[in-house]
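The next block holds one structure in the form of structure tokens; read it before the comments.
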Amino acid sequence: NAGVTQTPKFQVLKTGQSMTLQCAQDMNHNSMYWYRQDPGMGLRLIYYSASEGTTDKGEVPNGYNVSRLNKREFSLRLESAAPSQTSVYFCASSEWFGDSKNIQYFGAGTRLSVL
Amino acid sequence: AQSVTQLDSQVPVFEEAPVELRCNYSSSVSVYLFWYVQYPNQGLQLLLKYLSGSTLVKGINGFEAEFNKSQTSFHLRKPSVHISDTAEYFCAVSDPSPGGYQKVTFGTGTKLQVIP
Chain R
7 NAGVTQTPKF QVLKTGQSMT LQCAQDMNHN SMYWYRQDPG MGLRLIYYSA SEGTTDKGEV
67 PNGYNVSRLN KREFSLRLES AAPSQTSVYF CASSEWFGDS KNIQYFGAGT RLSVL
Chain G
730 AQSVTQLDSQ VPVFEEAPVE LRCNYSSSVS VYLFWYVQYP NQGLQLLLKY LSGSTLVKGI
790 NGFEAEFNKS QTSFHLRKPS VHISDTAEYF CAVSDPSPGG YQKVTFGTGT KLQVIP
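Sequence lines, in order, name chains R and G. Take 7 as the starting number for the first sequence in my numbering and just add one per residue. Take 730 as the starting number for the second sequence in my numbering and just add one per residue.
And the structure:
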């Protein structure tokens, strides 16, 4: 059982380049999330998808777009990368009900550097 | 709106000493509370959760937390820490309303450094 899988694990971009971070979960969860983690700032929510077919902005959505491709997959796209987007990105998923309600399951992260 | 405050950004403690990591929350409704741990270069994983019932919650690796509604706190404790407990710890809160999606809010994290 893989849980939440993120690709790639590492990426270096030049300013202005674009890329897509991929995330897939195999737990049949309804909700999925993208966070960024920067030193001293904890986790900041970029976008989330409460259920398949819906996406909503989080705290720091500027410069990002997302796609909930199906129930399993939720991708994050940087259209024109900027140095301020250098960060560690985490994908997570959760369920609405049952004993696991609202527990978030995280991927291992993508470490992105924008030069 | 709900929020979480972790006042201590770093906590150094000697091996085998006890530790308490503090978490306070604010919410206009009852809450679910969580502690997550993040080991170096890994994602977050659940340490323990409070949904309802007993206010003392036991988690993995010997950690426990106590929900105090009057003080709106959910402090994490361990009576004797090991080197392997060196990690960053995040407190989180969510709304327990039934059904549907509920937002989870994370604190800014506390780095626990266990000194040999």
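Virtual Cβ for every residue (Gly too), placed ideally from N, Cα, C.
Could you tell me the boundaries of the beta strand (DSSP E) in which residue i lies?
i: R:Gln31; result: 25-31
i: G:Pro741; result: 739-743
i: G:His804; result: 802-807
i: G:Lys840; result: 839-844
i: R:Arg74; result: 70-74
i: G:Lys787; result: 785-787
i: R:Gln2; result: Residue 2 of chain R lies beyond the range of chain R shown here (7 to 121); nothing can be said about it.
i: G:Leu762; result: 761-767
i: G:Phe835; result: 833-835
When the distance is taken between beta carbons, is residue j closer than 7 Å to residue i?
i: R:Gln96; j: R:Tyr53; result: Going by the sequence as given, residue 96 of chain R is Phe instead of Gln. Contact: no.
i: G:Phe792; j: G:Tyr779; result: no
Compare the C-beta of residue i against all C-beta atoms of chain R and say whether one is closer than 7 Å.
i: G:Val833; result: yes
i: G:Ser823; result: yes
i: G:Gly788; result: no
Does the beta carbon of residue i sit closer than 7 Å to a beta carbon anywhere in chain G?
i: R:Gly104; result: no
i: R:Asn108; result: yes
i: R:Gly113; result: yes
i: R:Gly59; result: no
i: R:Gly64; result: no
i: R:Phe80; result: no
DSSP three-state label for residue i, please.
i: G:Asn753; result: strand
i: R:Ser90; result: helix
i: R:Asp105; result: coil
i: R:Gly48; result: strand
i: G:Asp824; result: coil
i: G:Asn797; result: strand
Determine, for residue i, whether the minimum Cβ-Cβ distance to residues of chain B falls below 7 Å.
i: G:Thr837; result: The structure shown contains no chain B; its protein chains are R and G.
The region 756-781 of chain G: positions lying closer than 9 Å to chain R by Cβ: Closer than 9 Å at the C-beta level to chain R, one finds these residues of the region 756-781 of chain G: Tyr761, Phe763, Tyr765, Gln767, Asn770, Gln771, Gly772, Leu773, Gln774, Leu775, Lys778, Leu780.
Short-range partners of chain G found in the region 10-22 of chain R, where Cβ spacing is below 9 Å: Look at the region 10-22 of chain R: the residues with a C-beta under 9 Å from a C-beta of chain G are Val10, Gln12.
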